[in-house]
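Residues 1 to 355, numbered by UniProt numbering, are exactly what the sequence shown covers, in order. Using N, Cα and C, we set each Cβ at its ideal position, and we do this for glycine too.
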Amino acid sequence: MTTLAGPDPPDPDSVTEEPVMSETSNAPAPAASGSAAGKIPVTVLTGYLGAGKTTLLNRILTENHGKRYAVIVNEFGEIGIDNDLVVGADEEVFEMNNGCVCCTVRGDLIRIMDGLVKRRGKFDAIIVETTGLADPAPVAQTFFVDQDVGEAARLDAVVTVADAKWLSDRLKDAPEAKNQIAFADVILLNKSDLVSPADLDRVEAEIRTINPLAKLHRTQNCAVPLEAVLERNAFDLDRILDVEPDFLEAGHHHHHDSDIRSVSAKIEGEVDPDKFMPWISNLTQSQGPDILRCKGIVAFPNEPKRFVFQGVHMILDGDVQGDWGKDEKRVSRVVFIGRNLDPAAITEGFEACRA
């Protein structure tokens, strides 16, 4: 999906550009090269399921930075959830479902980029948030192998959000997670409060064996100065070619974990919290190791706000947030992404929670 968000842009004639400062240095970030001058900067947000990409995106969209960002969000699954979790996502939405942005819907990415290029001037930069199952290589490749996109936009940086608690496991069983680290220009080692200092050092050392050059920030709730992730002019094609020599070849391919699937369920109406809460809790506790990610928006009777929950494995978090619109249908939706999931059992269990 795509959304335009942020305050009105300042008058360019009344603003002088300030150098972008990095978090740890007083030196200004390098200026765009001559060939990149005038191109729309694009930041790719990536990271495995549940690491905190949407949290970072919402931080970007709600900070008082005076800039407008066009945001492209991709989802994995038949039922869209993420677009309703992104601040201001009701302005203009294009949903890209049933696949990662790097393969089955890559044509959609190029199409949306082409549409945004025609509207340049209405925003300052573009952010692409990939599904957690995406290998960022083909996403980044788009800006080099598609002539129209490459002439109008430049890849500013690949920013990877990593879950400090689960990254070690994902590096062992998910090739996408390893590629997300390898291709990163900036890495947020997020949820750092959930592990011990010793474990945090160990995870960081694992990251450094894969990518010793990326700027790394330890974060909680993706709290990081925006200049640490935006307008970095950090994407280094030479470094990427060292990682993947065939990066610029049109036939470049990548691998997915074919055992991972998405299971979605929807109720046209409300659910009973006295049934739903025990059900979702029992499901995540009993199948937690196989549930890589779960999320949902459900309607409770006599509750004007939406109940939003998100989870990774057996860790579940939820709260009421955001009123249901006056004319909005109260539809309850849940999505589970993982291995060995039983679609029929999940659908029946959710249906049994109907109010």
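With 16 or more other Cβ atoms inside 10 Å of its own Cβ, ASP135 counts as buried. The Cβ neighbour count for GLN285, taken over all protein chains shown within 10 Å, is under 16; the residue is labelled exposed.
Segment contact: the region 276-283 against the region 112-119, fewer than three CB-CB distances shorter than 8 Å; contact not assigned. In the DSSP assignment, LYS295 forms a beta bridge with GLN310 and VAL335. For GLN321, the uninterrupted beta strand (DSSP E) run begins and ends at 315-323, by DSSP.
Under the three-state reduction of DSSP, ASP156 is assigned to strand. Between ILE181 and ASP173, the alpha-carbon positions lie close to 14 Å from each other.
The alpha-carbon separation between ARG154 and PRO273 amounts to approximately 47 Å. Annotation: THR54 is outside any beta strand (DSSP E); the continuous alpha helix (DSSP H) that includes it extends over 53-62. Our two residues, GLY47 and VAL331, have alpha carbons roughly 29 Å apart in a direct line.
According to the DSSP assignment, ALA223 belongs to no alpha helix (DSSP H), since it is labelled neither H nor E. Within the DSSP secondary-structure output, LEU45 pairs in a beta bridge with GLU129 and VAL159. Residue pairing from DSSP places ILE40 in a beta bridge opposite ALA153. Around GLY322, the same chain offers LYS305 and ARG306 as residues with beta carbons nearer than 7 Å, after the five sequence neighbours per side are excluded. Apart from sequence neighbours up to five positions away, the residues of its chain that approach GLY150 with a beta-carbon distance below 8 Å are PHE143 and PHE144, ordered along the chain. In the three-state reduction of the DSSP assignment, VAL139 falls in the helix class. Looking at the DSSP output, SER264 shares a beta bridge with VAL335.
In the DSSP assignment, ALA352 falls outside any alpha helix (DSSP H) and carries neither an H nor an E. Distance from the CA atom of ARG218 to the CA atom of SER192, rounded to whole angstroms, is 6 Å.
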